[in-house]
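Worksheet: one structure, shown below.
If you want it as structure tokens, here you go:
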């Protein structure tokens with residue numbers, strides 16, 4: 476199944492795809508194994524985020540209502556069912572999520588994803604495993620917890636201005652469009668003043684697949 480549950484025709488077997496994705500990440504990690512250790516800058520002294528705030532039933536209900544109407548075929552609880560029964564389920568979900576936040580533990584079932592190989596381009600060779608990228612679909616309850624956590628983290632990061640000023644990804648009212656407009660504006664200003672403009676782009680292979688968890692946790 477593809478993104479949103481749409482069927483996908485694939486000429487690659489699940490074992491072959493699994494092995495390819497595992498090897499790809501392992502090879503990228505191996506190629507950077509001798510990199511220098513990461514450097515951690517210190518946060519300003521007044522920045523503190525010691526614990527998550529307790530969620531209320533209203534918080535969870537509002538988050539459920541904002542969920543997109545997507546459904547993964549492997550999900551035991553379709554989004555539409557959750558939305559139509561949110562008044563009954565919200566108190567139980569609130570208790571579950573508050574325990575997760577207070578204990579710093581995510582239920583094991585919330586970490587299980589339904590992974591689908593999807594062709595990178597419509598005209599790609601479906602028999603070539605290199606032409607696929609993995610699409611991971613978590614359960615709706617897991618994604619809901621992620622959204623509630625992200626909301627508190629973004630409030631903290633925004634309040635203390637810890638996000639880079641030029642970052643466009645994962646921020647409200649920012650997108651690839653705002654990033655392109657900024658670059659285009661800088662180029663046009665340089666040309667208008669008689670300067671030369673050069674653009675250098677960097678594309679990281681399997682960037683999200685190779686995030687080092689220990690570095691991420693240390694950085695947080």
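In the working numbering, the protein residues as written are 476 to 695.
Beta carbons: idealized from backbone N, C-alpha and C, even for Gly.
A quick note: this is a predicted structure, and the numbers were derived from the prediction, not measured.
Helix, strand or coil at residue 608 according to DSSP, with G and I counted as helix:
strand
Which residues in the same chain as residue 535 place their Cβ atom closer than 6 angstroms to its Cβ, once the five residues preceding and following it in sequence are excluded?
565, 568 and 569
Can you tell me whether residue 695 is helix, strand or coil according to DSSP?
coil
Please classify residue 618 as buried or exposed, where buried requires at least 16 other C-beta atoms within 10 Å of its C-beta.
buried
For residue 598 and residue 592, what's the separation of their Cα atoms in angstroms?
15 angstroms
The segment 525–534 / the segment 570–581 touching (three or more Cβ pairs under 8 angstroms):
yes
Residues near residue 495 by beta carbon distance below 6 angstroms, same chain, minus five either side
604
Any idea if residue 614 is buried or exposed, counting beta-carbon neighbours within 10 angstroms, 16 or more meaning buried?
buried
Span separating the alpha-carbon of residue 594 from that of residue 492
12 angstroms
Taking the alpha-carbon positions, what's the residue 681 to residue 609 distance?
10 angstroms
Out of curiosity, what's the CA-to-CA distance linking residue 637 and residue 515?
14 angstroms
What span of residues does the beta strand (DSSP E) with residue 591 cover, start to end?
589–594
Hey, out of 602, 674, 510 and 489, whose CA is closest to residue 687's CA?
510
Looking at C-alpha atoms only, which residue of 642, 645 and 503 is the closest neighbour of residue 679?
503
Apart from the five residues just before and just after residue 662, which ones in its own chain have a Cβ nearer than 8 angstroms to its Cβ?
672 and 674
Which value, in whole angstroms, describes the spacing of the CA atoms of residue 665 and residue 690?
37 angstroms
Can residue 643 and residue 633 be called in contact, C-beta distance under 8 angstroms?
no
Just to confirm before moving on: does the CB-CB distance between residue 612 and residue 647 stay below 8 angstroms?
no
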